[in-house]
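Have a look at the structure below, then the notes.
Residue numbers (this note's numbering): 1 to 419.
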(Lines of atoms letter the chains of each structure in order from A and count residues from 1; the text may use other names and numbers.)
(Lines give C-alpha, C1' and ligand atoms only; values in the text may rest on other atoms or scores of the structure.)
Protein backbone atom coordinates (compact mmCIF):
# COMPACT_ATOMS: atom_id res chain seq x y z
CA UNK A 1 0.00 0.00 0.00
CA UNK A 2 1.34 3.44 -0.95
CA UNK A 3 2.52 5.68 1.90
CA UNK A 4 -0.07 8.25 2.85
CA UNK A 5 0.58 11.95 3.26
CA UNK A 6 -1.07 14.01 5.98
CA UNK A 7 -1.00 17.70 6.76
CA UNK A 8 -1.65 19.56 9.99
CA UNK A 9 -2.37 23.25 9.46
CA UNK A 10 -2.49 25.84 12.23
CA UNK A 11 -3.39 29.54 12.02
CA UNK A 12 -0.58 31.48 13.66
CA UNK A 13 -1.62 33.40 16.80
CA UNK A 14 -5.16 33.14 15.47
CA UNK A 15 -7.21 35.44 17.73
CA UNK A 16 -4.45 38.07 17.82
CA UNK A 17 -3.98 37.84 14.04
CA UNK A 18 -7.70 38.40 13.45
CA UNK A 19 -7.63 41.51 15.63
CA UNK A 20 -4.64 42.85 13.69
CA UNK A 21 -6.27 42.16 10.32
CA UNK A 22 -9.43 43.94 11.47
CA UNK A 23 -7.31 46.98 12.34
CA UNK A 24 -5.32 46.91 9.10
CA UNK A 25 -2.13 45.99 11.01
CA UNK A 26 0.56 43.40 10.30
CA UNK A 27 0.06 40.48 12.76
CA UNK A 28 3.77 39.61 12.54
CA UNK A 29 4.97 43.07 13.58
CA UNK A 30 2.23 44.50 15.80
CA UNK A 31 2.37 44.19 19.59
CA UNK A 32 -1.12 43.06 20.53
CA UNK A 33 -2.73 40.84 23.13
CA UNK A 34 -6.29 39.53 23.24
CA UNK A 35 -7.66 39.91 26.76
CA UNK A 36 -10.74 41.33 28.44
CA UNK A 37 -9.87 44.75 29.95
CA UNK A 38 -12.95 44.60 32.19
CA UNK A 39 -11.54 41.65 34.10
CA UNK A 40 -8.73 41.78 36.64
CA UNK A 41 -5.02 41.76 35.83
CA UNK A 42 -5.09 38.04 36.59
CA UNK A 43 -7.12 37.38 33.44
CA UNK A 44 -5.39 35.17 30.87
CA UNK A 45 -4.36 36.57 27.49
CA UNK A 46 -6.18 34.38 24.98
CA UNK A 47 -3.54 35.12 22.34
CA UNK A 48 -0.52 37.32 21.73
CA UNK A 49 1.13 38.29 18.45
CA UNK A 50 4.53 36.94 17.38
CA UNK A 51 5.95 40.42 18.04
CA UNK A 52 5.03 40.01 21.71
CA UNK A 53 6.53 36.51 21.80
CA UNK A 54 9.76 37.91 20.35
CA UNK A 55 10.01 40.12 23.46
CA UNK A 56 9.85 37.07 25.71
CA UNK A 57 6.17 37.31 26.60
CA UNK A 58 4.73 33.82 26.94
CA UNK A 59 1.56 32.73 25.19
CA UNK A 60 -1.47 32.34 27.50
CA UNK A 61 0.21 34.50 30.13
CA UNK A 62 -1.76 36.64 32.54
CA UNK A 63 -1.98 40.38 31.94
CA UNK A 64 0.05 41.27 35.03
CA UNK A 65 2.91 39.06 33.76
CA UNK A 66 3.51 41.34 30.75
CA UNK A 67 6.56 43.53 31.58
CA UNK A 68 5.46 47.14 32.28
CA UNK A 69 7.91 48.63 29.76
CA UNK A 70 6.22 47.01 26.75
CA UNK A 71 3.82 49.19 24.76
CA UNK A 72 1.02 47.07 23.28
CA UNK A 73 -2.62 47.06 22.15
CA UNK A 74 -5.15 45.17 24.27
CA UNK A 75 -7.98 43.82 22.13
CA UNK A 76 -11.23 42.70 23.73
CA UNK A 77 -12.09 39.09 22.73
CA UNK A 78 -14.70 38.75 19.97
CA UNK A 79 -15.44 35.03 19.74
CA UNK A 80 -18.20 35.32 17.14
CA UNK A 81 -15.77 37.16 14.85
CA UNK A 82 -13.12 34.46 15.30
CA UNK A 83 -15.65 31.79 14.40
CA UNK A 84 -16.52 33.71 11.21
CA UNK A 85 -12.84 33.82 10.24
CA UNK A 86 -12.46 30.11 11.02
CA UNK A 87 -15.38 29.31 8.70
CA UNK A 88 -13.81 31.40 5.94
CA UNK A 89 -10.51 29.53 6.32
CA UNK A 90 -12.30 26.18 6.28
CA UNK A 91 -13.93 27.19 3.00
CA UNK A 92 -10.40 27.63 1.62
CA UNK A 93 -9.48 24.09 2.66
CA UNK A 94 -12.58 22.77 0.90
CA UNK A 95 -11.20 24.11 -2.37
CA UNK A 96 -8.39 21.57 -2.14
CA UNK A 97 -9.84 18.58 -0.26
CA UNK A 98 -13.24 17.01 0.46
CA UNK A 99 -14.69 17.27 3.97
CA UNK A 100 -14.22 13.50 4.43
CA UNK A 101 -10.47 14.11 4.23
CA UNK A 102 -10.45 17.04 6.68
CA UNK A 103 -10.66 16.74 10.47
CA UNK A 104 -11.25 19.97 12.40
CA UNK A 105 -9.08 19.67 15.50
CA UNK A 106 -9.84 23.12 16.92
CA UNK A 107 -11.03 26.55 15.82
CA UNK A 108 -7.61 27.26 14.27
CA UNK A 109 -6.21 23.82 13.45
CA UNK A 110 -7.08 21.01 11.03
CA UNK A 111 -5.71 17.68 9.83
CA UNK A 112 -5.93 16.78 6.13
CA UNK A 113 -5.29 13.54 4.27
CA UNK A 114 -3.94 14.89 0.96
CA UNK A 115 -2.63 11.62 -0.49
CA UNK A 116 -5.03 11.35 -3.40
CA UNK A 117 -4.93 15.07 -4.23
CA UNK A 118 -1.18 15.14 -4.80
CA UNK A 119 -1.27 12.74 -7.74
CA UNK A 120 -4.35 14.47 -9.14
CA UNK A 121 -2.55 17.83 -9.14
CA UNK A 122 0.89 16.37 -9.95
CA UNK A 123 2.32 18.23 -6.96
CA UNK A 124 4.77 17.42 -4.21
CA UNK A 125 3.50 17.69 -0.62
CA UNK A 126 5.44 20.92 -0.15
CA UNK A 127 4.02 22.47 -3.33
CA UNK A 128 0.50 21.55 -2.20
CA UNK A 129 1.13 23.06 1.24
CA UNK A 130 2.53 26.28 -0.24
CA UNK A 131 -0.57 26.62 -2.42
CA UNK A 132 -2.97 26.19 0.51
CA UNK A 133 -1.06 28.52 2.85
CA UNK A 134 -0.89 31.22 0.17
CA UNK A 135 -4.64 30.98 -0.39
CA UNK A 136 -5.28 31.33 3.35
CA UNK A 137 -3.10 34.45 3.43
CA UNK A 138 -4.74 35.93 0.32
CA UNK A 139 -8.24 35.18 1.62
CA UNK A 140 -8.06 36.26 5.27
CA UNK A 141 -4.62 37.83 5.70
CA UNK A 142 -3.45 35.35 8.33
CA UNK A 143 -0.20 33.38 8.32
CA UNK A 144 -0.66 29.62 8.62
CA UNK A 145 1.90 26.92 9.44
CA UNK A 146 1.81 23.41 8.00
CA UNK A 147 3.28 20.14 9.16
CA UNK A 148 3.57 17.33 6.60
CA UNK A 149 3.94 13.75 7.77
CA UNK A 150 3.55 10.15 6.73
CA UNK A 151 1.03 9.71 9.57
CA UNK A 152 -1.20 12.00 11.60
CA UNK A 153 1.17 12.14 14.57
CA UNK A 154 4.19 13.08 12.47
CA UNK A 155 2.17 15.78 10.70
CA UNK A 156 1.26 17.28 14.09
CA UNK A 157 4.84 17.17 15.39
CA UNK A 158 6.20 18.57 12.11
CA UNK A 159 3.84 21.50 12.55
CA UNK A 160 4.39 22.04 16.30
CA UNK A 161 8.18 21.74 16.41
CA UNK A 162 9.55 22.26 12.90
CA UNK A 163 7.13 24.39 10.83
CA UNK A 164 6.71 27.08 13.46
CA UNK A 165 10.47 27.73 13.34
CA UNK A 166 11.05 27.45 9.57
CA UNK A 167 11.17 30.42 7.21
CA UNK A 168 8.45 29.09 4.91
CA UNK A 169 6.25 27.88 7.83
CA UNK A 170 6.34 24.30 6.51
CA UNK A 171 7.90 21.21 8.07
CA UNK A 172 8.14 17.56 7.02
CA UNK A 173 8.70 14.35 8.96
CA UNK A 174 8.71 10.65 8.20
CA UNK A 175 9.72 8.02 10.75
CA UNK A 176 13.39 8.12 9.74
CA UNK A 177 13.76 11.92 9.82
CA UNK A 178 11.75 12.05 13.06
CA UNK A 179 14.29 9.83 14.80
CA UNK A 180 17.17 11.71 13.21
CA UNK A 181 15.95 15.22 14.10
CA UNK A 182 13.83 14.87 17.23
CA UNK A 183 14.89 11.81 19.20
CA UNK A 184 17.06 13.96 21.45
CA UNK A 185 14.84 17.07 21.31
CA UNK A 186 13.93 18.68 24.63
CA UNK A 187 11.80 19.68 26.38
CA UNK A 188 9.50 16.69 25.99
CA UNK A 189 6.52 18.96 26.59
CA UNK A 190 6.98 20.18 23.00
CA UNK A 191 5.58 16.84 21.88
CA UNK A 192 1.83 16.33 21.49
CA UNK A 193 0.11 14.68 24.49
CA UNK A 194 3.13 14.94 26.81
CA UNK A 195 2.50 17.29 29.72
CA UNK A 196 4.63 18.35 32.70
CA UNK A 197 3.27 15.52 34.87
CA UNK A 198 4.29 12.87 32.34
CA UNK A 199 7.74 14.49 32.01
CA UNK A 200 8.25 14.34 35.79
CA UNK A 201 7.25 10.67 35.90
CA UNK A 202 9.58 9.85 33.01
CA UNK A 203 12.44 11.75 34.62
CA UNK A 204 12.09 9.71 37.80
CA UNK A 205 12.97 6.57 35.81
CA UNK A 206 15.84 8.24 33.97
CA UNK A 207 14.05 9.13 30.73
CA UNK A 208 14.72 12.59 29.30
CA UNK A 209 13.91 12.38 25.57
CA UNK A 210 12.10 10.35 22.89
CA UNK A 211 15.14 8.18 22.24
CA UNK A 212 15.16 7.15 25.89
CA UNK A 213 11.48 6.15 25.64
CA UNK A 214 12.03 4.16 22.44
CA UNK A 215 14.96 2.22 23.90
CA UNK A 216 13.59 1.83 27.43
CA UNK A 217 12.49 -1.46 28.93
CA UNK A 218 8.85 -1.74 27.91
CA UNK A 219 7.85 -3.61 31.08
CA UNK A 220 9.11 -0.65 33.12
CA UNK A 221 7.06 1.78 31.02
CA UNK A 222 3.90 -0.31 31.35
CA UNK A 223 4.49 -0.57 35.10
CA UNK A 224 4.56 3.22 35.46
CA UNK A 225 2.06 4.27 32.77
CA UNK A 226 -0.28 1.31 32.25
CA UNK A 227 -2.00 1.24 28.86
CA UNK A 228 -0.74 4.77 28.11
CA UNK A 229 2.73 3.25 27.69
CA UNK A 230 1.65 1.83 24.32
CA UNK A 231 1.02 5.33 22.95
CA UNK A 232 4.28 6.64 24.42
CA UNK A 233 6.26 3.85 22.78
CA UNK A 234 4.55 4.20 19.38
CA UNK A 235 5.05 7.96 19.36
CA UNK A 236 8.67 7.63 20.46
CA UNK A 237 9.26 5.63 17.27
CA UNK A 238 7.15 8.04 15.20
CA UNK A 239 4.38 5.50 14.67
CA UNK A 240 0.62 6.17 14.53
CA UNK A 241 -1.98 3.61 13.46
CA UNK A 242 -5.03 5.92 13.40
CA UNK A 243 -5.97 7.17 9.93
CA UNK A 244 -8.44 9.79 8.73
CA UNK A 245 -11.12 7.22 7.99
CA UNK A 246 -10.81 5.92 11.57
CA UNK A 247 -11.48 9.41 12.93
CA UNK A 248 -14.48 9.89 10.66
CA UNK A 249 -15.92 6.47 11.60
CA UNK A 250 -15.43 6.89 15.36
CA UNK A 251 -18.55 6.82 17.48
CA UNK A 252 -18.26 7.12 21.28
CA UNK A 253 -19.80 4.37 23.41
CA UNK A 254 -21.57 6.94 25.52
CA UNK A 255 -22.20 10.65 25.26
CA UNK A 256 -22.43 13.44 27.79
CA UNK A 257 -22.96 17.18 28.09
CA UNK A 258 -21.05 19.29 30.55
CA UNK A 259 -20.82 22.87 31.72
CA UNK A 260 -18.22 24.55 33.88
CA UNK A 261 -17.36 28.00 35.05
CA UNK A 262 -14.65 29.69 37.07
CA UNK A 263 -16.31 32.19 39.38
CA UNK A 264 -14.99 35.74 39.69
CA UNK A 265 -14.57 35.27 43.46
CA UNK A 266 -15.16 32.73 46.16
CA UNK A 267 -18.89 31.99 46.45
CA UNK A 268 -20.55 31.16 49.76
CA UNK A 269 -22.93 28.21 50.06
CA UNK A 270 -26.22 29.90 49.02
CA UNK A 271 -24.53 31.80 46.18
CA UNK A 272 -23.03 28.56 44.88
CA UNK A 273 -26.43 26.86 45.00
CA UNK A 274 -27.83 29.63 42.80
CA UNK A 275 -25.07 29.04 40.23
CA UNK A 276 -25.67 25.27 40.29
CA UNK A 277 -29.37 25.74 39.53
CA UNK A 278 -28.59 28.20 36.73
CA UNK A 279 -26.07 25.82 35.19
CA UNK A 280 -28.31 22.75 35.52
CA UNK A 281 -31.26 24.53 33.92
CA UNK A 282 -29.16 25.94 31.08
CA UNK A 283 -27.55 22.57 30.41
CA UNK A 284 -30.93 20.84 30.71
CA UNK A 285 -32.47 23.05 28.01
CA UNK A 286 -29.48 22.43 25.75
CA UNK A 287 -29.83 18.68 26.24
CA UNK A 288 -33.58 18.78 25.64
CA UNK A 289 -33.08 20.79 22.44
CA UNK A 290 -30.73 18.11 21.14
CA UNK A 291 -33.28 15.37 21.86
CA UNK A 292 -31.41 13.70 24.71
CA UNK A 293 -32.33 12.60 28.21
CA UNK A 294 -30.15 11.53 31.13
CA UNK A 295 -30.29 9.50 34.32
CA UNK A 296 -26.93 10.48 35.85
CA UNK A 297 -25.46 13.81 36.99
CA UNK A 298 -21.89 14.29 38.17
CA UNK A 299 -20.46 17.41 39.79
CA UNK A 300 -17.11 18.73 40.92
CA UNK A 301 -16.52 21.78 43.12
CA UNK A 302 -13.13 23.48 43.37
CA UNK A 303 -12.59 25.61 46.46
CA UNK A 304 -10.61 28.84 46.83
CA UNK A 305 -6.87 28.21 47.03
CA UNK A 306 -6.56 30.01 50.36
CA UNK A 307 -9.02 27.61 52.01
CA UNK A 308 -6.67 24.63 52.02
CA UNK A 309 -9.49 22.44 50.66
CA UNK A 310 -9.06 21.38 47.04
CA UNK A 311 -12.14 19.71 45.59
CA UNK A 312 -15.39 17.84 46.20
CA UNK A 313 -16.84 15.36 43.71
CA UNK A 314 -20.03 13.35 43.55
CA UNK A 315 -22.80 11.90 41.42
CA UNK A 316 -26.54 11.38 41.64
CA UNK A 317 -29.03 9.33 39.65
CA UNK A 318 -32.38 10.81 38.69
CA UNK A 319 -34.18 7.46 39.05
CA UNK A 320 -35.13 7.25 35.37
CA UNK A 321 -34.18 8.94 32.13
CA UNK A 322 -35.50 12.47 32.08
CA UNK A 323 -35.23 15.71 30.13
CA UNK A 324 -37.22 17.71 32.68
CA UNK A 325 -35.26 20.87 33.52
CA UNK A 326 -37.00 21.05 36.90
CA UNK A 327 -36.04 17.48 37.79
CA UNK A 328 -32.46 18.04 36.68
CA UNK A 329 -32.17 21.30 38.60
CA UNK A 330 -33.57 19.72 41.78
CA UNK A 331 -31.25 16.72 41.45
CA UNK A 332 -28.21 18.93 40.86
CA UNK A 333 -29.13 21.04 43.90
CA UNK A 334 -29.48 17.89 46.02
CA UNK A 335 -26.06 16.69 44.87
CA UNK A 336 -24.52 20.10 45.60
CA UNK A 337 -25.97 20.11 49.12
CA UNK A 338 -24.57 16.63 49.70
CA UNK A 339 -20.97 17.24 48.59
CA UNK A 340 -20.44 20.95 49.36
CA UNK A 341 -18.14 21.96 52.19
CA UNK A 342 -20.12 24.87 53.59
CA UNK A 343 -17.17 26.25 55.55
CA UNK A 344 -15.10 27.35 52.55
CA UNK A 345 -15.87 29.42 49.42
CA UNK A 346 -16.26 27.62 46.09
CA UNK A 347 -14.34 29.01 43.11
CA UNK A 348 -15.14 26.63 40.25
CA UNK A 349 -18.17 24.46 39.43
CA UNK A 350 -18.46 21.70 36.83
CA UNK A 351 -21.66 19.77 36.06
CA UNK A 352 -22.00 16.85 33.66
CA UNK A 353 -25.12 15.05 32.41
CA UNK A 354 -23.92 11.53 31.62
CA UNK A 355 -25.29 8.43 29.86
CA UNK A 356 -27.25 10.50 27.37
CA UNK A 357 -29.94 8.61 25.49
CA UNK A 358 -32.13 9.44 22.50
CA UNK A 359 -34.36 6.38 22.83
CA UNK A 360 -36.82 7.96 25.24
CA UNK A 361 -36.69 11.68 25.86
CA UNK A 362 -38.95 11.17 28.84
CA UNK A 363 -39.60 8.13 31.04
CA UNK A 364 -42.03 7.82 33.91
CA UNK A 365 -41.80 5.92 37.17
CA UNK A 366 -44.62 5.02 39.57
CA UNK A 367 -44.25 8.34 41.39
CA UNK A 368 -44.46 10.51 38.26
CA UNK A 369 -47.47 12.47 37.13
CA UNK A 370 -47.47 12.19 33.31
CA UNK A 371 -49.71 15.23 32.88
CA UNK A 372 -47.35 17.44 34.88
CA UNK A 373 -44.33 16.07 33.05
CA UNK A 374 -45.92 16.70 29.66
CA UNK A 375 -46.80 20.22 30.73
CA UNK A 376 -43.15 20.76 31.68
CA UNK A 377 -42.04 19.56 28.23
CA UNK A 378 -44.40 22.05 26.55
CA UNK A 379 -43.01 24.87 28.68
CA UNK A 380 -39.47 23.90 27.68
CA UNK A 381 -40.38 23.80 23.98
CA UNK A 382 -41.90 27.26 24.30
CA UNK A 383 -38.79 28.58 26.04
CA UNK A 384 -36.61 27.24 23.24
CA UNK A 385 -38.85 28.84 20.62
CA UNK A 386 -38.56 32.22 22.37
CA UNK A 387 -34.78 31.90 22.64
CA UNK A 388 -34.45 31.04 18.97
CA UNK A 389 -36.40 34.15 18.06
CA UNK A 390 -35.08 36.64 20.64
CA UNK A 391 -31.77 35.16 21.80
CA UNK A 392 -30.79 33.23 24.93
CA UNK A 393 -31.72 36.12 27.19
CA UNK A 394 -35.13 36.51 25.51
CA UNK A 395 -36.59 34.61 28.48
CA UNK A 396 -35.09 33.99 31.90
CA UNK A 397 -36.02 33.38 35.52
CA UNK A 398 -36.09 35.86 38.38
CA UNK A 399 -33.21 34.03 40.03
CA UNK A 400 -31.01 35.12 37.11
CA UNK A 401 -31.40 38.72 38.37
CA UNK A 402 -30.22 37.92 41.89
CA UNK A 403 -26.88 39.17 43.16
CA UNK A 404 -24.12 36.75 42.18
CA UNK A 405 -26.07 35.19 39.28
CA UNK A 406 -24.05 34.73 36.10
CA UNK A 407 -26.40 33.21 33.52
CA UNK A 408 -27.41 36.43 31.75
CA UNK A 409 -23.79 37.46 31.30
CA UNK A 410 -22.71 33.96 30.23
CA UNK A 411 -25.49 33.89 27.63
CA UNK A 412 -23.81 36.90 26.01
CA UNK A 413 -20.56 34.98 25.73
CA UNK A 414 -19.09 32.23 23.55
CA UNK A 415 -16.78 29.78 25.27
CA UNK A 416 -16.69 31.92 28.38
CA UNK A 417 -15.54 35.01 26.50
CA UNK A 418 -17.26 37.98 24.89
CA UNK A 419 -19.05 37.15 21.67
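A virtual CB, placed ideally from N, CA and C, is assigned to each residue, including glycine.
For clarity, every value in this text was computed on a predicted model and none was experimentally measured.
query	result
Inspect the CB distances between the region 375 to 384 and the region 311 to 325 and report whether three or more fall short of 8 angstroms.	yes
Going by Cα to Cα distance, which pick from 10, 159, 64 and 126 is closest to residue 33?	64
Looking only at its own chain, which residues have a Cβ that is under 7 angstroms from the Cβ of residue 141, when we skip the five neighbours before and after it?	21
Could you give the DSSP three-state label for residue 147: helix, strand or coil?	strand
For residue 103, write down the residues that DSSP places opposite it in a beta bridge.	111
Based on the DSSP secondary-structure assignment, which residues constitute the bridge partners of residue 262?	348
If you follow the alpha helix (DSSP H) that residue 75 is part of, which residue opens it and which one closes it?	Element bounds for residue 75: not the alpha helix (DSSP H) but the beta strand (DSSP E), 73 to 75.
Per the DSSP calculation, residue 8 is bridged to which residue(s)?	111 and 147
Checking 8 angstroms against the spacing of the C-beta atoms, do residue 202 and residue 188 come in under that value?	yes
Of all the options 121, 9 and 19, which has the alpha carbon lying nearest to the alpha carbon of residue 80?	19
Rounded to a whole number of angstroms, what is the C-alpha to C-alpha distance between residue 335 and residue 86?	39 angstroms
For a test of the three-state rule: what should DSSP assign to residue 195, helix, strand or coil?	coil
Going by the beta-carbon positions, is the gap between residue 349 and residue 260 smaller than 8 angstroms?	yes
What span of residues does the alpha helix (DSSP H) with residue 91 cover, start to end?	79 to 93
Tell me which same chain residues have a C-beta within less than 8 angstroms of the C-beta of residue 193, skipping the five on either side of it?	231 and 235
Within its chain, find whatever has a CB closer than 6 angstroms to the CB of residue 229; leave out the 5 residues flanking it on each side and keep chain order.	221 and 222
Are the Cβ atoms of residue 250 and residue 340 separated by less than 8 angstroms?	no
Count the C-beta pairs between the region 33 to 44 and the region 110 to 117 that are closer than 8 angstroms, then say yes if the count reaches three, no if not.	no
Whole-angstrom Cβ separation of residue 76 and residue 108, contact assumed at under 8 angstroms?	Not really, about 19 angstroms apart at Cβ, beyond 8 angstroms.
Going by other Cβ atoms of all chains shown within 10 Å of its Cβ, with 16 needed for buried, is residue 347 buried or exposed?	buried
With distances taken from CA atoms, which of 69, 210 and 166 is nearest residue 12?	166
Does the distance from the C-beta atom of residue 163 to that of residue 7 stay below 8 angstroms?	no
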